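Novice:
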Amino acid sequence: ETGVTQSPTHLIKTRGQQVTLRCSSQSGHNTVSWYQQALGQGPQFIFQYYREEENGRGNFPPRFSGLQFPNYSSELNVNALELDDSALYLCASSAPGHNSPLHFGNGTRLTVT
Amino acid sequence: KQEVTQIPAALSVPEGENLVLNCSFTDSAIYNLQWFRQDPGKGLTSLLLIQSSQREQTSGRLNASLDKSSGRSTLYIAASQPGDSATYLCAVIYNQGGKLIFGQGTELSVKP
């Protein structure tokens, strides 16, 4: 059983650019969520997708957007990058059913200069 | 506002010591609580999940307890080892399929 995989592992972008981060969910998981973790902080919820529909969003501006595909893989897109967007971006997936724990990938480290 | 707080922010102990990490949450109406481990620059590894109806969960040397009424959870690590060195994060969910709300974590260092 493969776990949650994210790509790329590291990325450097310039302020104002756009970035796409990718996530492959763990097999059998139909829910994916994205979190932003600044250095020394706990992760902050960005949004969640279930069956290709967004079904929850945290306190992030519209320039943060996402997609979930029929195979349950997912993308996080960030437009007009700002310096404060520098963080570790974590993808998590969970299986159907009550109280299924979230399984996280190793994240993408984004640096905006 | 729903918040999660973890104390202490950092902890250093000698190998072999038993230790307790603390987590508190402001709104006690949680759906479940999960403890994670994070190694430097890595993702999160789920350690234990406690449902709101449960009082504790155990896995090997780890034991997590939950007291909803007081808004607290503890993670007990027995006979600590240098390999336990990591940041430990506590997170709560308030409804099925909802978002995780994390604490800032406790950075644990176990010295040989």
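These protein sequence lines map, in sequence, to chains A and B.
Going by this note's numbering, the first sequence opens with residue 74, and the numbers climb by one from there.
Going by this note's numbering, the second sequence opens with residue 504, and the numbers climb by one from there.
Using N, Cα and C, we set each Cβ at its ideal position, and we do this for glycine too.
Predicted model, so just to flag it, every value in this text is computed and none were measured.
Consider the Cβ of S100/A: report whether some Cβ of chain B lies at a distance smaller than 8 Å.
Specialist: Not one chain B Cβ lies under 8 Å of S100/A.
Novice: Just grab the DSSP bridge partners of Q141/A for me.
Specialist: Paired residue(s): S147/A.
Novice: Can you pull the DSSP bridge partners for V613/B?
Specialist: V613/B pairs with V516/B.
Novice: When you compare the CB positions of S147/A and G139/A, do they come within less than 8 Å of one another, or not?
Specialist: Yes; because the gap between Cβ atoms is below 8 Å, this pair is in contact.
Novice: Would you mind listing the beta strand (DSSP E) stretches within the region 509–564 of chain B that are 3+ residues and don't spill past its ends, in chain order?
Specialist: Whole beta strand (DSSP E) segments, 3+ residues: 513–517, 522–528, 535–541, 547–554 and 559–562.
Novice: Measure the Cβ-Cβ separation of P174/A and S549/B and say whether it is below 8 Å.
Specialist: It is a contact, given that the beta carbons lie within the stated cut-off.
Novice: Output the distance between the C-alpha atoms of N128/A and S588/B, rounded to the nearest integer angstrom.
Specialist: About 36 Å.
Novice: Can you tell me whether DSSP reads G129/A as helix, strand or coil?
Specialist: DSSP places G129/A in strand when its eight states are reduced to three.
Novice: Which whole-angstrom value describes the C-beta separation of V613/B and E518/B, a residue pair presumed to lie in contact below a C-beta threshold of 8 Å?
Specialist: V613/B to E518/B, Cβ: 6 Å. Contact.
Novice: The beta strand (DSSP E) spanning S80/A covers which residue range?
Specialist: Where S80/A is concerned, the enclosing beta strand (DSSP E) stretches over T78 to S80.
Novice: So, are the CB atoms of L161/A and R182/A less than 8 Å apart?
Specialist: In contact: L161/A and R182/A (Cβ atoms closer than 8 Å).
Novice: For L156/A, which of helix, strand or coil comes out of DSSP?
Specialist: In the structure shown, L156/A sits in a helix (DSSP, three-state: H, G or I).
Novice: What are the partner residues of Y122/A, as DSSP defines its beta bridges?
Specialist: DSSP, once it has assigned bridges, lists V105/A and E127/A as partnering Y122/A.
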